[in-house]
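I have placed the structure first, in the form of C-alpha cells, so that the comments after it can refer back to it.
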Amino acid sequence: METSARAQRERDLAVYYDSEVRERAGRELPAERVARREEFLGLLVAEGRGSVLEIGAGPGRDGSAFAAAGLAYTGVDLAPASIAACRGIGLDVQVASVFDLPFPDAAFEAGWTMSTLLHVAEADLDAALAEVVRVLRPGAPLAVGLWGGEEIGEGPHGDTEHGPARFFSFRSDARVRDALDRHGALEWWGTWPGSRSLHYQFGLVRTPV
Numbered sequence: 001m002e003t004s005a006r007a008q009r010e011r012d013l014a015v016y017y018d019s020e021v022r023e024r025a026g027r028e029l030p031a032e033r034v035a036r037r038e039e040f041l042g043l044l045v046a047e048g049r050g051s052v053l054e055i056g057a058g059p060g061r062d063g064s065a066f067a068a069a070g071l072a073y074t075g076v077d078l079a080p081a082s083i084a085a086c087r088g089i090g091l092d093v094q095v096a097s098v099f100d101l102p103f104p105d106a107a108f109e110a111g112w113t114m115s116t117l118l119h120v121a122e123a124d125l126d127a128a129l130a131e132v133v134r135v136l137r138p139g140a141p142l143a144v145g146l147w148g149g150e151e152i153g154e155g156p157h158g159d160t161e162h163g164p165a166r167f168f169s170f171r172s173d174a175r176v177r178d179a180l181d182r183h184g185a186l187e188w189w190g191t192w193p194g195s196r197s198l199h200y201q202f203g204l205v206r207t208p209v
C-alpha cells in the first residue's frame, strides 16, 4: 500500500509542477543557494570532476549553470513540462523518479538535489538517498538542500492553484543530518533563514569509498 501511496504522491507532484513550470522558470533563485552552487562548482573543478547528476531539475535554473561551467550535466524530474523546459535550453534531462534512476552504478562524479527530497516521505527517505548514492562514484560529493528546521510533520501543504496540494516532509536539522550520515560522510552543513518557521538546510555529503 505504501508503494501505491508513493506513486500517487509522485503523480500529484508531476501534475502540480507541469502547471507551475513557467512561473518557476521566471523566479530568481535565492542568493544563498546561488552562492552554495558556485562553491560546489568550485569544488568540482578543484577535484577534476566532469559530470553531475541533478535530481529535481525543474526548469533548469541550476542545470544551465552547471552546463555553462563545462560540466557534463544530466538531470531528472517527475514533470514532463520541466523536462521540455530544460531540453528547450539544451540540457540533457529525462523523466525519472528518485526511487528508480535509469543509470548504471557509479555513473556520475557528483550529485545535486535542491528542494526535492522534501517531497519524499520520511519512511522513504533512506531508499531515495540509497538510490542517489548508487549512481554516484565512490567518494563523490553530493549536495542536498531542503526546507525544514522543525518537526512540522508530513502531508499535503500549500496552494492548489496549480493542481493537487504537494506532499511535504519537513524535518529537523538533526533528523536530516542523521539521514545524510547514514549514506555517506557529512562534510559541510549550513542553514539560512526562510519563511515562517522554516529555514533552508544545505548539506554536502561524500559518498562511501
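Just so you know, the sequence shown maps onto residues 1 to 209 in the working numbering.
Cβ coordinates follow ideal geometry from the N, Cα and C atoms, glycine included.
Identity of the residues DSSP links to residue i by a beta bridge
{"i": "L146", "result": "Q201"}
{"i": "F103", "result": "The partner list for F103 (beta bridge, DSSP) is empty, contrary to what the question assumes."}
{"i": "Y73", "result": "V52"}
{"i": "A141", "result": "Just to set this straight, residue 141 is Pro in the shown sequence, not Ala. Partner(s): R206."}
{"i": "L136", "result": "F108"}
Contact test: residue i Cβ vs the ligand NAP heavy atom, cutoff 7 Å
{"i": "A84", "result": "Ligands displayed in this structure: none; no statement on the ligand NAP is therefore possible."}
Supposed close pair residue i, residue j - CB separation, criterion 8 Å
{"i": "A140", "j": "A110", "result": "5 Å"}
{"i": "E131", "j": "L180", "result": "About 14 Å separates the two Cβ atoms, so there is no contact after all."}
{"i": "F202", "j": "R36", "result": "5 Å"}
{"i": "G210", "j": "A57", "result": "This structure gives no information on residue 210, because the portion of the chain shown stretches from 1 to 209."}
{"i": "V120", "j": "S169", "result": "6 Å"}
{"i": "A107", "j": "V133", "result": "Contact doesn't hold; Cβ gap of about 12 Å is too wide."}
{"i": "A128", "j": "V98", "result": "5 Å"}
{"i": "P138", "j": "V209", "result": "5 Å"}
{"i": "Y200", "j": "E32", "result": "7 Å"}
Residue burial classification, residue i (beta-carbon count within 10 angstroms, cutoff 16)
{"i": "M1", "result": "Legend: pLDDT at M1 = 46, less than 50; position of this residue unreliable, value from coordinates given subsequently. Under this definition M1 is an exposed residue."}
{"i": "T160", "result": "exposed"}
{"i": "V95", "result": "exposed"}
{"i": "D77", "result": "buried"}
{"i": "P59", "result": "buried"}
{"i": "L29", "result": "exposed"}
{"i": "D62", "result": "buried"}
{"i": "Y17", "result": "buried"}
{"i": "E20", "result": "buried"}
{"i": "S197", "result": "exposed"}
{"i": "H157", "result": "exposed"}
{"i": "T207", "result": "buried"}
{"i": "R9", "result": "buried"}
{"i": "E54", "result": "buried"}
{"i": "A85", "result": "buried"}
Residue i - DSSP class collapsed to helix/strand/coil
{"i": "I89", "result": "coil"}
{"i": "H157", "result": "strand"}
{"i": "G111", "result": "strand"}
{"i": "T116", "result": "coil"}
{"i": "V45", "result": "helix"}
{"i": "A185", "result": "strand"}
{"i": "R166", "result": "strand"}
{"i": "E20", "result": "helix"}
{"i": "G190", "result": "strand"}
{"i": "V95", "result": "strand"}
{"i": "I83", "result": "helix"}
{"i": "E39", "result": "helix"}
{"i": "L125", "result": "helix"}
{"i": "E32", "result": "helix"}
{"i": "E10", "result": "helix"}
{"i": "A65", "result": "helix"}
- [ ] Please determine if the region 141-159 and the region 107-123 are in contact, where contact requires at least 3 C-beta pairs separated by less than 8 Å.
- [x] yes
Open item on the list: Could you check whether the region 67-87 touches the region 42-55, counting it as contact only if at least three pairs of C-beta atoms, one from each stretch, sit closer than 8 Å?
Closed with: The region 67-87 vs the region 42-55: in contact.
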